[in-house]
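Remarks on the structure that follows.
Residue numbers (the working numbering), protein chains in the order written: chain W, 1069 to 1257; chain P, 1069 to 1257.
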C-alpha cells in the first residue's frame, strides 16, 4: 500500500502503523503531520522516543517506572512504608495517586498470571514482592483488576504471603459511585 | 495531567498527544508501547522520523513529495508530458496513481485558496505551475476537491491559464460509482 510513497515516507508510515490502534489512514495522516513539523519539533519528538527508552526503567524496590534507581514514591519519607498496594501496571499507580487517598507504597506486577496466554507467576514481578515483606510491612492491599486473571493473581499472591504473617486485604468491589443499579451487571450486584 | 509520570515518559506522551486525532489516553497507550519495544525498533522509529524529515522534499517540477530533485513521475520517459493534473496535496497524487488510469504529469498545490483561513494564491504552489505551461502542455486537468475552496481555486487557476492558450478541464463531478441516488445530497444531483 505504501509503495506509491518515497521510501523515507513509507517507512515512517509503516512505523506509525505498527503502533497499537493506529490504522493505515491514521498512520498516513500522522506521517504527513510529522513532515510538516518544524525541524526542531521533529528532532525533539525523535529525541523523546530515545530518551524515554534509555531513561525510563523499573524502580529497584516497587518495579514502578522511574528514571532513577529507586522511584520518588519509594524514596519519599512522607509515605507510610507499612502498607503496600499491589497493582498490575504503572497506569494503576497513576490512577491510585490521582485519588490522593493512598499514602502507602506500591508494588507493580507488570502483568497478571494468565495460563491461557502462557503467563505464569515467574513472568510477573511476584518474587520481587516477597523480600519487601521482611520488615515493618503490616498490610498488603491486592488492587489487581477484578477480572478472572486479576482475581486469580490476587488469590495466588495472598496464599504466598499468608505464612509470613502479613495482613492481606482486597480492594473493595461493588457499584462505582454515581452508577445506576439498573445498568450494573448481575455479577457485581 | 502527565505530572504523575517520570519526566522522560511524560514528554513522550506530550509529543504523541500533539499529533492530530491522538487524545491523552491514546498518547499514553502509544508511549507505553514504545517503552515496551526492543531498543533497535525504538531506534529505527526515531531514525525514520529524522530521515523522513531530512530526505523528503518537494519535486522541483511538480512540487510532489520526493527524495530527489525531480520526482520519479516527472522524470519518467513513459509519462505523457502533454497533460498536467493539478491536485491539492500529495495524497491526491497517490489516489490518482492507484487507479492506474492517468498517464500524464501532476502539479501539487499544497493547499487551496481559502480567504477564510487567510490562505491566498501566493501561499500555495500556483506560481510554480505557470512556467511549466510554456512548452508542449496541451491540457491542464483541475482535480482539486469539490468543496467551495477547491472550486474557487480551480476557477482562479483556469482564468490565470486561459490567456496562455492551454485547454483547461475539470475532473468529472457526480454520483460515486456504486452509490445510491437515495443517499446522494441535493447539490450533487
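Note that beta-carbon positions come from the ideal geometry of N, C-alpha and C, so glycine has one too.
Among 1209(W), 1252(W), 1226(W), whose alpha-carbon lies nearest the alpha-carbon of residue 1239(W)?
Selected option, being the one with the closest Cα: 1209(W).
If we ignore side chains and look at the alpha-carbon of each, how far apart do residue 1165(P) and residue 1136(P) end up?
Answer to the nearest angstrom: the Cα atoms are 19 Å apart.
Quick one: complete alpha helix (DSSP H) runs, 4+ long, within the segment 1156-1226 of chain W?
1158-1167, all fully within the segment 1156-1226 of chain W.
Inspect the beta-carbon positions of residue 1150(P) and residue 1205(P) and report whether they are closer than 7 Å.
Yes, the pair counts as a contact, with Cβ atoms nearer than the cut-off.
State yes or no: is the C-beta of residue 1132(P) within less than 7 Å of the C-beta of residue 1181(P)?
Not a contact, by the Cβ cut-off of 7 Å.
Cutting at 7 Å between CB atoms, please list the residues of its own chain near residue 1229(W), excluding the five before and the five after it.
1201, 1208, 1236.
When you compare the CB of residue 1156(W) with every CB in chain B, is at least one pair closer than 7 Å?
Going by chain labels, chain B is absent from the structure shown, which instead holds the protein chains W and P.
Name the residues in the segment 1086-1098 of chain W whose C-beta lies less than 9 Å from a C-beta of chain P; which are they?
Residues 1086, 1087, 1088, 1089, 1090, 1094, 1096, 1097, 1098.
Whose C-beta lies closer than 6 Å to the C-beta of residue 1116(P) among residues of the same chain, with five residues either side of it excluded?
Excluding positions up to five away in sequence, the list is empty.
What did DSSP end up calling residue 1309(P) once you bin it into helix, strand or coil?
Nothing can be reported for residue 1309(P), as the shown portion of chain P is limited to 1069 through 1257.
Around the Cβ of residue 1134(W), are there at least 16 other Cβ atoms within 10 angstroms (buried) or fewer (exposed)?
Buried is the call here.
Which residues share a DSSP beta bridge with residue 1235(W)?
1207(W).
DSSP three-state label for residue 1252(P), please.
Coil at residue 1252(P), not helix or strand.
Counting Cβ pairs, one atom from each stretch, are 3 or more of them under 8 Å apart for the segment 1105-1119 of chain W and the segment 1151-1171 of chain P?
Contact fails: fewer than three Cβ-Cβ distances are below 8 Å.
If you draw a straight line from the alpha carbon of residue 1140(W) to that of residue 1072(P), how long is it in whole angstroms?
Computed Cα separation, rounded: 10 Å.
Whose C-beta lies closer than 8 Å to the C-beta of residue 1148(W) among residues of the same chain, with five residues either side of it excluded?
Correct list, in chain order: 1171, 1172, 1173.
For residue 1107(W) and residue 1121(P), which I take to be in contact (beta-carbon distance under 8 Å), what is that distance rounded to the nearest angstrom?
Yes, residue 1107(W) and residue 1121(P) are in contact; Cβ-Cβ is about 6 Å, under 8 Å.
For residue 1095(P) versus residue 1113(P), is the C-beta distance shorter than 7 Å?
Contact: no.
Can you list the alpha helix (DSSP H) stretches of 4 or more residues lying completely in the segment 1089-1136 of chain W, in chain order?
Runs found: 1092-1104, 1107-1123.
Using a cut-off of 7 Å between C-beta atoms, extract the partners of residue 1133(W) located in chain P.
Those within 7 Å of residue 1133(W) in chain P are 1074, 1077.
Starting from residue 1079(P) and walking both ways along the alpha helix (DSSP H), at which residues does that stretch end?
Element bounds for residue 1079(P): 1075-1085.
By DSSP, does residue 1069(W) sit in helix, in strand, or in coil?
Reliability fails at residue 1069(W), whose pLDDT of 43 lies under 50, so the model's placement of it is uncertain and the value that follows must be treated cautiously. Correct three-state label for residue 1069(W): coil.
With DSSP collapsed to three states, give me the class of residue 1229(W).
Three-state result, residue 1229(W): helix.
With DSSP as the reference, please indicate the residues paired to residue 1154(W) in a beta bridge.
DSSP, once it has assigned bridges, lists 1175(W), 1210(W) as partnering residue 1154(W).
Quick one, which of 1253(W), 1184(W), 1169(W), 1157(W) has its alpha-carbon nearest residue 1193(W)'s?
For the residues 1253(W), 1184(W), 1169(W), 1157(W), the minimum Cα distance to residue 1193(W) belongs to 1157(W).
Excluding the 5 residues preceding and the 5 following residue 1226(P) in the sequence, name in chain order all residues of the same chain whose CB lies nearer than 7 Å to its CB.
1210, 1236, listed in sequence order.
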